[in-house]
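Below you'll find the structure, written out as structure tokens, and then a few comments.
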Amino acid sequence: MTFTATTPLKYLQAYPASLQDQVRQLIAQDKLGAYLEQRYPGRHDVQSDKALYAYALSLKQEYLRNAPGIDKVLFDNRLDLTHRALGLHTTVSRVQGGKLKAKKEIRVASLFKDAAPEFLKMIVVHELAHFKETEHNKAFYQLCEHMQPGYHQLEFDLRIYLTWRDMQQG
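No gaps in the numbering here: position 47 of the sequence shown is 220 in the working numbering, and each next residue is one more.
So this is what it looks like as structure tokens:
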């Protein structure tokens, strides 16, 4: 996809036009990748589902001790960015014997295997926050900010990263 001054920035549509214009300016100057590399130079080493589970569990233990346990955490290559799913939290209910058991799962889009550690943490924090707050409301975002200070800036920068990825693939 070729980006022009009028190309819609699909990951940034909810942001003010002035911020979108700043991103378009970085694109026009061919500086978007440099911006991201300067702010997020590292890559995390969480590469397996087992490591991702341990990572999510450690964050849950640190911030959400009283929330329900996590039964499964995995990278999922079927999560579709066109539906804005960077991660998912699900509760799967099953009947075992005469009891109804609810299993809590977190799935993270596989594209985040190659991302900066800050972006992986932001996604996991977001999905963990849903264990306490189901809606994207003020309490939800306060919890995200508590677990990861600077959450809102990271979410914005993650959307810039996704825009940059689209440019690389187009």
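Glycine included, every Cβ here is placed at the ideal spot set by N, Cα and C.
| task | Please name the residue, chosen from F304, I296, L247 and F248, that lies closest to A275 on a Cα-to-Cα basis. | result | F304
| query | Excluding sequence positions up to five away, which residues of its chain have a Cβ less than 8 angstroms from the Cβ of E306? | reply | A312, F313 and L316.
| query | When you compare only the Cα positions, how much space is there between L331 and V281? | reply | Straight-line measurement puts the Cα of V281 at about 14 angstroms from the Cα of L331.
| A229: which of R338, L335, E278 and D194 sits nearest, CA to CA? | E278
| request: Determine the closest residue to R251 out of Q211, D287 and S283, with distance taken between C-alpha atoms. | output: S283
| query | Got a sec, what are the start and stop residues for the alpha helix (DSSP H) F248 sits in? | reply | Not the alpha helix (DSSP H): F248 falls in the beta strand (DSSP E), residues K245 to D249.
| request: Round the Cβ separation of L192 and T336 to the nearest angstrom and send it over; I've been treating them as touching at under 8 angstroms. | output: Between T336 and L192 the Cβ distance is about 12 angstroms, and since that is not below 8 angstroms, they are no contact.
| query | Counting only beta-carbon atoms, is D194 nearer than 8 angstroms to chain D? | reply | Within the model displayed, chain D is absent; a lone protein chain is all it includes.
| request: Out of P189, K294 and P322, point me to the one whose CA is closest to V219's CA. | output: That would be K294, whose Cα lies nearest to the Cα of V219.
| task | Could you check if R238 is buried or exposed, using at least 16 other CB atoms within 10 Å of its CB as the buried criterion? | result | exposed
| Hey, out of K245, L301, N310 and Y184, whose CA is closest to M320's CA? | L301
| request: Mind checking which residues open and close the alpha helix (DSSP H) that includes K286? | output: That residue, K286, is in no alpha helix (DSSP H); it is neither H nor E in DSSP.
| Closest residue to K246 among Q234, D203 and A227 (Cα-Cα distance) | Residue identity check: residue 246 is Val in the sequence provided, not Lys. Comparing Cα positions, the closest option is A227.
| With burial defined as no fewer than 16 other Cβ atoms inside 10 Å of the residue's Cβ, what is the status of L273: buried or exposed? | L273 should be labelled exposed.
| message | If you reduce the DSSP assignment to three classes, tell me which class A240 lands in. | response | coil
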